[in-house]
Amino acid sequence: MRIVAEHLSYIYNAKSPFAVKALDDVSLTVEEGEFFGLIGHTGSGESTFVQHLNGLLRLPSSLKRRKKKDGATLTVGEFDLTSKKTNFRALRRKVGMVFQYPEDQLFAETVLDEVAYGYKNFAEKRPDREETERAVREAVEAVGLDYESVKDMSPFDLSGGQKRRVAIAGVIVTKPEILVLDEPAAGLDPLGKREVMELLHRLKESWCKTVVVVSHDMDEIAENCTRVAVFSEGRVEYVLPPAELFKHTEELLRLGLDIPLTAKLVLALKERGVEIDCDYTAEDFVSKVLARGGRSC
Amino acid sequence: MLKDVSFGQYYPVKSFVHNLDPRLKILFLIGYIVAIFLAREFLALGACALVLIVAVLCARIPLGKVLRAVKGILFLVIFTAVVNLFFHSGDKVYWGGEPVLWQWKIFRITQEGIIFSAFLVLRLCLLVIGSSLLTYTTTPVALTDGIESLLSPLKLIRFPVHALALIMSIALRFIPILLDETERIMNAQKARGACIDSGNLFRRMKAIVSVLIPLLLSAIRRADELGEAMDARCYSGGNARTKYKKLRLTWRDPIAFSVLAALIAGVAVMFVFPVFPI
Amino acid sequence: MKALEYRDVSFSYEEEGGFRIEHLNFSVEEGEFVAVLGHNGSGKSTLARLANGLLTADSGEVAVFGTALGDKNLYEIRKQVGIVFQNPDSQAVASIVEDDVAFGAENVGMPREEIGKRISFALRAVGMEEYRTATIARLSGGQKQRVAIAGALALKPRILILDESTAMLDPRGRKEIVGVVKKLNEEEGITVLLITHFMDEALLASRAVVMNRGEIVMQDAPSRLFRRGEELVTYNLALPRIAEICNRLRAGGMNVSDALDVNTLAEDIAKCVS
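Protein chains in written order, with numbering that gives the first Met the number 0: chain A, 0 to 296; chain B, 0 to 277; chain C, 0 to 273.
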C-alpha cells in the first residue's frame, strides 16, 4: 500500500481565537516497503499528519467544496480518504497505529485479552477461541515475548519495556500492512530504545510491509530510515534519504533541529579540512574515517 | 488539543470588563440577577438590558458569541414563551377587562399573555447573557481566586477555604490535561477497532471500559506524582501558608460599581413605585 | 563539605520482587555535579526520594550538609533539597506560571514581597521571565520542566535533584533543561544530582555513578567511565554515541583521546588522517 497525500492542511480549533495551523499544504508520498521517518519539533505537524493515515483525523466534511479550492487528497492503498464512503474500519485494520507511550492504553486483565482486543474488534465474524489464541500467540512472539509465560499475566505487572511490547502486539495482531508509530522509543532507557528499533526492523521484514515512524532522535533516524520527511511549523521542508538529508546541515540547524552526531563530526572535520563522505550511520562513518587514516596513528 | 476550546468559555481579548476585579464581577453578577428579579415592568427590565448591552460592548465580545449563550437554552426559552402564551391568565382576564384574542378549548391567547411571555423571555435572555458575560471575560483561574477571596471570611468558622481553593486550582490545572489524555486514549482504542460511537450496546460498553480504565489509572498515577511533587515543595496543609496573589481594585471598578448600583437603585424604586405596571 | 551523604543506608519496598538498597554509602560534595545512571528499576529514583524524606531509610541515615534527616527537620531539609520529577504534566498545582512557582514559597509562609522576589529570581535563573503570567498548559515540555525547576528554586535550595526530568522531553527540551542545570551548578553553585538514562547527559557531570539493583557499581569521571563499555552493557546500559564511535575508531587502530566531545574528537581524527 502506498500513501499519497497532496495539499493536506489541518487547523485545530478552527474559527476560535486558539486556532492552530497544524498542517499547511503537505504533500508527501510513502512507497510500499519503506522505513519512513517523520521528524520535527514536537507540534510541528508530524503527529497530526500520521493521525490522518487511518482516518482518526479526517479531511473536512464540506469536502467537495474544498476539493476544488485546495485540491487536498489522501489515498492509502486503495482507500480514498477524501471520500465519505470509505470503510474506515477496513482501513484501520490495514494501517496499525501505535501512539506515544502506548502502554498507557492497556486495560485488560491478561496479556491474552489485551492483545486479542483489536483482533476481535476487527474480525468479520466472531472468531473462535483457538483462532484468537493463535493470532495472539503469533503477535506476542513477534514482539519478542514468551507467549506461555506472559499470556495469563496482568499487563500492569510487566516491566516498562514489556508493556510497550504488549501494546505493540495489540496493534500488529491484525497484521496491518502499514505500521505507524509515534515516538515508539520515547521514555525508554538506552537498551530499551535499541531493542524497540531492532524490533521494528524485524517486524518490517516479517510482518508489516511499511513502517512509518515519528521520532525526535536524529541518530535513530540516521541509523534506521530509508527516507525522512522534515516537518517545520506544519510544512514539509525536505523529503530525502538520510544520507542526502544530513548534507543540509546548516538548513536543519536553522530550523532549530538537531543533527546526528555523525553529521556533527563530519561538519567539524570539514572545518579542519577533512572531507568525509558517508551515509551518516555510525558504521559507515567509522569505516570511511579508518579508510582515510590508515592504522599508523 | 481539546485543552484550548471546550474548557471554559473565556474569550481572550483585553477590555474594560476583562480587567475588572473578579471578586467584584461575581458580586456584580449576583447584584444584576437581583435587579432582574426586582424588575416588574418593561421600563425596569429595559434599564437592565441597556446596562447589559453597554457591558457587552465594553467587553468586546462578538455578537455571535453572546447569542450562542442564548442558543444553549433555546428550548427553555421557547418552552417558557409557549406555556405562558397559552396559559397565562392574568387577573384582569377574569374580570373581563382584557380581550381574549384567540381561544380553543383551554388554550387561549390574551394580549396580556403575549406581553407577559415576552417579558419572561427577555428576563431569561438577560439572565443567561449576563452570566455568560462573567465566564467570557474572566479566566477560570481568576474566578477561583475571586471565589476564594469572597469565601475567606468563612475561615473564622474554620471552614477550610484554603483547601477548597487548592482543590479548585488543581482541578483547573488538570482538567485540560485529562481532556487531552481522554482524546489520546480514545484515538488509540479507535485505532484498535473500538466502536466508541457505533455498534451494539455490548461492544460500545466494552469500548468505553477500554477508555475509562486507562484514564482512571492515569489519573491515579498523576495524583500520586502530584502529591509527591507537592511534598517535595514543603506542602504541609494550609496553616502557616501565605498567599502571593492579591487581588487589587483599579479605577475601573468604582465606575462599574456605580453603574450597577444606580441600576439596582432605579429598579428597586420602580419595584416600590411602578411607573408602567404590566 | 559534604552536601549530601548516605551513611550505611538500607531500604526495601514492601512489595515482593522489588530490589533493596543495602548498606549504601555514598556522598556528594558541595558544588559537585553528579550524574546517576542506571536502567529502569535500578534504584536511582529511590536514591532521590531518600534525600529529602519522601522515603525514609529502614536503617542508616541520610545527612544534608551534615544534618541528619529526621521528622523534626523535614521541612528545613526539603527547603535545601529541591527535586524536579519526570512528568512535566503532573507537577504543577496552578495554571499560571507565577502562581505555580510561588507554591513552595507560600507553603513555608514567606511574606508576599519576598515571594515576588523569589519568583523573579527563579524565573530568571531558568530563562523564563517573559512567561511569568503565561498559562502552563500552553508551554512546551521543556518550558514546563523549566517552570518546575523554578518552582524548586523559589525555596533557594542548595541541592537540586533531577529525577529523570528529561526522560519525557524532545531533544530541544532536553537541551534546555541540561543547559539550565549546568548553569545553576556553575553560576549559583548549586549542587546537582542528575538522574538520567540518557548517557550523553552524563558527559556534562564531574562524576558519573552507575546503579544496578540498588547498588552503586561504578563511579568515575564520565570520560573514563565510558571507556568501560562492556561493563556498562552488563548493567543494561548503553554507551553515549560519541563514546561508541571513539571505541570503534580505537578498535580500528585509531588512537583518539578520552575527551568525549565533538571538537576534540574531530581534532584527533584530523591529526590522524592528515
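By construction, the Cβ of each residue, glycine as well, lies at the ideal position given by its N, Cα and C atoms. As the structure is a prediction and not an experimental result, all values here were calculated from the model.
By the rule that beta-carbons nearer than 7 Å mark a contact, G65 of chain C does not touch chain B. Taking V179 of chain C as the centre and dropping the five residues before and after it, the same chain places the C-beta of A124, V125, G126, R145, I148 closer than 8 Å to its C-beta, in chain order. With its beta carbon less than 7 Å from one in chain A, G192 of chain B belongs to the interface. If you look at S131 of chain B, you'll find it in the alpha helix (DSSP H) that goes 110 to 136. Around F121 of chain A, the beta-carbon contacts reaching into chain B at under 7 Å are G192. With a cut-off of 8 Å on Cβ pairs, the segment 197 to 217 of chain B is not in contact with the segment 20 to 35 of chain C, counting fewer than three such pairs.
Shown here, K174 of chain C sits in a helix according to DSSP, grouped into three states.
Counting C-beta atoms within 10 angstroms of its own C-beta, K143 of chain C has 16 or more neighbours from the protein chains shown and is therefore classed as buried. Taking 7 Å as the CB threshold, V140 of chain B lines the interface with chain C.
Below the 9 Å Cβ cutoff, chain C contributes no neighbours of L248 of chain B, its closest Cβ being approximately 17 Å away. Per DSSP, reduced to three states, the secondary structure at N72 of chain C is coil, with no helix or strand assignment. DSSP places N120 of chain A inside the alpha helix (DSSP H), whose first and last residues are 110 to 121. Shown here for R57 of chain A: same chain residues with a beta carbon closer than 8 Å to its own, the five before and five after excluded, namely H51, L80 in chain order.
Closest in C-alpha terms to M167 of chain B, from the list C:I160, C:K182, C:L46, C:S94, comes C:S94. Cα atoms of I177 of chain A and W206 of chain A: separation of roughly 9 Å, rounded to the nearest angstrom. By the Cβ neighbour-count rule, K162 of chain A is buried, with 16 or more other Cβ atoms within 10 Å of its own. The beta carbon of N83 of chain B sits closer than 8 Å to the beta carbons of G112, F115, S116, L119 from its chain, once the five residues preceding and following it are set aside; these are given in chain order. With respect to the C-alpha of L133 of chain B, the residue from B:A170, B:A34, B:Y10 having the closest C-alpha is B:Y10. Contact annotation for Q142 of chain C against chain B: no contact, minimum CB-CB distance about 15 Å [criterion: below 7 Å].
Counting C-beta atoms within 10 angstroms of its own C-beta, L62 of chain B has fewer than 16 neighbours from the protein chains shown and is therefore classed as exposed.
Note on T109 of chain B: 16 or more other CB atoms within 10 angstroms of its CB, so buried under the neighbour-count rule. DSSP, read as helix, strand or coil, puts G140 of chain C in helix.
For Q218 of chain C, the pairing in a beta bridge is given by DSSP as C:V208.
Taking 9 Å as the upper bound on Cβ-Cβ separation, chain C lies near residues E182, A185, G186, L187, D188, P189, L190, G191, K192, R193 of the segment 177 to 201 of chain A. With 16 or more neighbouring CB atoms inside 10 Å of its own CB, K150 of chain A falls in the buried class. Chain-ordered, the chain B residues with CB closer than 8 Å to the CB of D98 of chain C read V140, S168, Y243, K244.
Here A261 of chain B is exposed: its Cβ has fewer than 16 other Cβ atoms, across all protein chains shown, within 10 Å. For G169 of chain A, the residues of chain B that pass the 9 Å Cβ criterion are R191, in the order they occur in the chain. Here P253 of chain B is exposed. Its C-beta has fewer than 16 other C-beta atoms within 10 Å.
Rounded to whole angstroms, the separation of the alpha carbons of E232 of chain A and T209 of chain A is 26 Å.
Contact holds between the segment 212 to 227 of chain B and the segment 99 to 106 of chain A, because three or more Cβ pairs, one in each stretch, are under 8 Å apart. Its chain contains L133, L142, G145, I146, L149 as the residues whose beta carbon lies nearer than 8 Å to that of I25 of chain B, once the 5 sequence neighbours on both sides are disregarded; these appear in chain order. Using a Cβ-Cβ cut-off of 7 Å, R291 of chain A counts as an interface residue toward chain C, since at least one Cβ of chain C sits closer than that to its own. Across the set C:V216, C:I244, C:E243, the C-alpha of C:V216 shows the shortest separation from the C-alpha of Y234 of chain C. Contact check for L190 of chain A and L36 of chain C: beta-carbon distance about 12 Å, past the 8 Å limit, so the pair fails to qualify.
Secondary structure at K1 of chain C: strand, using DSSP grouped into helix, strand and coil.
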